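Letter by letter, the sequence shown follows residues -19 to 259 of my numbering.
Idealized CB from N, CA, C, for every residue including glycine.
Keep in mind that this is a model prediction, so the values were computed, not measured.
To start, the structure under review is shown below, and the notes come after it.
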Amino acid sequence: NQGDGWTVAVNALERVARGETRPAQARLIALAAQLGARTAELHRALGAASADPAFAPEPITASDRRRWRDAVDAQARCALAGVREAQARLDYGAAVLGRRLRALAAEIDDRVAALAGAPLEAVRTRVHGDYHLGQVLVGGADVYIIDFEGEPMRPLAERRAKQCVLRDIAGMLRSFSYAAAAALRGGAGGGSEKVAARLDAAASAMSQAFLQIYADAMHGCPSFPPAPQARRVLELFLLEKALYEINYELANRPDWVAIPLAGVLTLLRGTPADGDGSA
């Protein structure tokens, strides 16, 4: 194999940063497209009818959506409090982003309420639960999904709980953005604004390819909501994931916190999935 998906993606993004755009982007799009196909196969398998109650799909209810809202609200409160407490210690760029985020606290509440409030026509299933580029091995033109234990810090019952498949999708999309940020932080291409824009465009193209292939392959699957609902719920889970990342980075890598801060602000500006809206 060529390594995990994170290593392969960051290496290709570093080549994009250095100006080796065409072959590196082709590699990234091929990786994202194959990920979309294999992720859909995984979710279809986990969504199959089963006599085992631990795996049988269940309808998503209003109670589920209330739990989602409560979870995102809790992440938001923790993130805003953490940014406020760390403000004086952040570097200039992160501090500016932090102040912008804190000024949007009411908007976050309103957005979460709107995203979680509408009905959703889909079923809950088992999912991967900790899905990102590091959970994929790349071999030739194919990818192999590994590490199904879920997030190790969560209780086992929570890791086994059935979820909306779009939680996994949000995790992978955020991983694309992180890979681009890692390539920029590595200094490839000099780290200029022009290079940053080139990397953002490459990550966006990956997201588009991933979402398009995934949505096409999941069409008609009971665990995949209709397109307008899917866009809304995906934005909710992207927001939840980026807020979680703020809390994680503040606790572990404060010099990386600008990445999720920018991610939340981008979501609040109304670009939910970096894609064409098909998922």
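Rounded to a whole number of angstroms, what is the C-alpha to C-alpha distance between residue i and residue j?
i, j, result
"residue 246", "residue 55", "17 Å"
"residue 254", "residue 196", "Any answer about residue 254 is weak, because its pLDDT of 38 lies below 50 and its placement is not dependable; what the coordinates show is given next. In a straight line, the C-alpha of residue 254 is about 17 Å away from that of residue 196."
"residue 75", "residue 91", "23 Å"
"residue 238", "residue -10", "18 Å"
"residue 209", "residue 98", "8 Å"
"residue 22", "residue 72", "42 Å"
"residue 36", "residue 85", "38 Å"
"residue 11", "residue 184", "13 Å"
"residue 31", "residue 52", "32 Å"
"residue 43", "residue 1", "47 Å"
"residue 258", "residue 134", "Interpretation of residue 258 is limited by its pLDDT of 42, a score under 50 that renders its predicted location unreliable; no figure is taken from the coordinates."
"residue 181", "residue 243", "14 Å"
"residue 222", "residue 29", "32 Å"
"residue 96", "residue 224", "17 Å"
Report yes or no: is there a C-beta of chain C within less than 7 Å of the C-beta of residue i?
i, result
"residue 175", "In summary, chain C is missing from the structure at hand, where a single protein chain is found."
Is residue i helix, strand or coil when you go by DSSP?
i, result
"residue -18", "coil"
"residue 82", "helix"
"residue 72", "helix"
"residue 125", "strand"
"residue 151", "helix"
"residue 130", "coil"
"residue 223", "helix"
"residue 243", "helix"
"residue 119", "strand"
"residue 63", "helix"
"residue 103", "strand"
Residue j and residue i - do their beta-carbons sit closer together than 7 Å?
i, j, result
"residue -7", "residue 160", "yes"
"residue 190", "residue 16", "yes"
"residue 6", "residue 175", "no"
"residue 198", "residue 20", "yes"
"residue 70", "residue 62", "no"
"residue 9", "residue 104", "no"
"residue -19", "residue 119", "yes"
"residue 117", "residue 82", "no"
"residue 38", "residue 142", "yes"
"residue 102", "residue 203", "yes"
"residue 13", "residue 193", "yes"
To test your reading of the DSSP string, which unbroken alpha helix (DSSP H) runs of 4 or more residues are found completely within the stretch -6 to 61? List check, alpha helix (DSSP H) in window: 1 to 26.
Indicate whether the contact test is met: 3 or more Cβ pairs, each with one atom in the stretch 33 to 47 and one in the stretch 226 to 234, closer than 8 Å. No, the stretch 33 to 47 is not in contact with the stretch 226 to 234.
If you pair each beta-carbon of the stretch 101 to 113 with each one of the stretch 143 to 154, do three or more pairs fall below 8 Å? Short answer: they touch.
Runs of 3 residues minimum, wholly inside the stretch 170 to 210: which ones carry the beta strand (DSSP E) assignment? If you keep only unbroken beta strand (DSSP E) runs of at least 3 residues inside the stretch 170 to 210, you get nothing at all.
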